[in-house]
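Heads up, the final residue of the sequence shown is numbered 368 in the UniProt record's numbering, and it's a clean run with no missing numbers. Even glycine gets a Cβ: it sits at the ideal position worked out from N, Cα and C. Everything on this sheet refers to the single structure shown next.
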Amino acid sequence: MVRCFVLFFIVCCVNEVFCTQDSGGAQSEPVAAQGATSCGCEHLKRVAAVEPVEDSTVSADPALKYSKGANERLQEAQGDDENILSQMVLISGGEFLMGTDNPAIPADGEGPQRPVHVDSFYMEIQEVTNQQFQGFVNATGYITEAENFGDSFVFEGILSESVKKQITQAVAAAPWWLPVKGANWRHPNGPDSNITDRLDHPVLHVSWADAVAYCSWANRRLPTEAEWEYACRGGLEDRLYPWGNKLNPKGQHYANLWQGDFPNHNSAEDGYIQTSPVMSFPANGFGLHDIVGNAWEWTSDWWTVHHTTEHQQNPIGPSSGTDKVKKGGSYMCHKSYCYRYRCAARSQNTPDSAASNLGFRCVSQEKR
Ligand SMILES: *[C@@H]1O[C@H](CO)[C@@H](O)[C@H](O)[C@H]1NC(C)=O
Ligand SMILES: *[C@@H]1O[C@H](CO)[C@@H](O)[C@H](O)[C@H]1NC(C)=O
Ligand SMILES: [Ca+2]
Ligand SMILES: [Ca+2]
């Protein structure tokens, strides 16, 4: 959502679909047909130093640039210590029903339910952490897109008053998102914040290309949406959540979500107002933690809301598009605004977007 404001009104509006639906969700109106005048972009004054569009697509290539050589450099740097990468679990391939015939948010393309086969793969049991991302950056000198652009989107509720005062822009349809100068993975809540006390939290403010770069460096890749959803379901059939149909079985919290009234009051009944250290919540049937909640997770698929009902084998989504699929919802999700912490739920961002609730995890075909 960040970059588009400077490019075209139309893209901005597409982005607002994200903004509105990401946190607006079930209660907000679909805004697909929204015109430029109502999309709020005219109020956004971004500094004119605009990267050409081509640049942001070129930056999808860091993946290649940072993979092999960087990996060798890392091995030198860490000697025998390979603990920096997340542990992976085998996700045994098989058939499953992807999507749902009872979509909570039909505009997101949650349906129809459709038979899909995915081959076996390995998946990281946790979201990629700040520390892991730092290891990658130390080894490669990688600079994230948010660092290059000089800003990123931060949820208003986690900004300091002094930073908030300096900001006059907002996304009209989702005023709790503020573009903050100096916000990036090192400064997740804005320039006066840091990751010292959250090295074990999910890395945030990473664009799709940043996520791809990290995974390639680790000799891994992003999951397809089908792989991600199959993994999310943890072997259960046709359930809402990775653990079943009840949000809080026996009063327990199984994911870091939002309790209270979004966006004004977060009661943090689950113990966390913002992100939590990875693996603070129970794993699903496949051993995956925080597969919903905590941070949204990028997938490799381009976004579409139209799906075939024919049986598919390892689907990889459309061959092109403007947005990438993200899954799982975040610590900002509440049923009233962003009922997207269900396995079938989905949302999208332009690949160069970055925000204070969006991260990723990697997969690979072989155990690494
Ligand atoms: C990255 O480098 C910084 C500065 O040298 C160091 O403090 C930090 O521990 C390193 N992080 C990792 C994960 O290697
Ligand atoms: C990180 O932030 C904390 C407070 O949030 C502060 O005490 C600490 O000095 C900061 N560390 C660095 C390296 O800036
Ligand atoms: Ca929470
Ligand atoms: Ca997650």
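| Excluding the five sequence neighbours on either side, which residues of its own chain have a C-beta within less than 6 angstroms of the C-beta of glycine 285, listed in chain order? | Gly234, Gly235
| task | Helix, strand or coil for alanine 174, going by three-state DSSP, please let me know. | result | strand
| field | leucine 222 versus tryptophan 298: straight-line alpha-carbon distance, rounded | value | 7 angstroms
| query | Under the three-state reduction of DSSP, which class applies to lysine 327: helix, strand or coil? | reply | strand
| Roughly how many angstroms lie between the CA atoms of serine 160 and glycine 93, to the nearest whole one? | 46 angstroms
| Per-residue burial, arginine 368 [other beta carbons within 10 Å of its own, 16 or more giving buried] | exposed
| said: Does the contact criterion of 3 or more C-beta pairs under 8 angstroms hold for the segment 190-209 versus the segment 123-139? | reply: yes
| For lysine 181, which beta-bridge partners are listed by DSSP? | Asp151
| said: Could you compute how far the alpha carbon of glycine 190 sits from the alpha carbon of leucine 204? | reply: 12 angstroms
| CA-CA distance, glutamine 78 and proline 249? | For glutamine 78, the predicted model reports a pLDDT of 43, less than 50, meaning its position is unreliable and no value from the coordinates is stated.
| At a cut-off of 7 angstroms, is serine 193 close to ligand 2 when judged by its beta-carbon and the heavy atoms of the ligand? | yes
| said: Does glutamine 252 pass the burial test, meaning 16 or more other C-beta atoms within 10 Å, or should it be called exposed? | reply: exposed
| request: List the DSSP bridge partners of valine 89. | output: Met123
| query | Could you give the distance in angstroms between the alpha-carbon of leucine 85 and the alpha-carbon of histidine 117? | reply | 28 angstroms
| field | Cutoff 7 angstroms; reference glutamine 348; Cβ partners in own chain excluding five residues on either side | value | Phe18, Trp303, Asp323, Lys324, Val325, Lys326
| Which class does alanine 77 belong to by DSSP, given the choice of helix, strand or coil? | Reliability of the predicted coordinates at alanine 77 is poor, the pLDDT of 43 falling under 50, and no value is obtained from them.
| said: Please state whether the Cβ-Cβ distance between valine 292 and alanine 255 is less than 8 angstroms. | reply: yes
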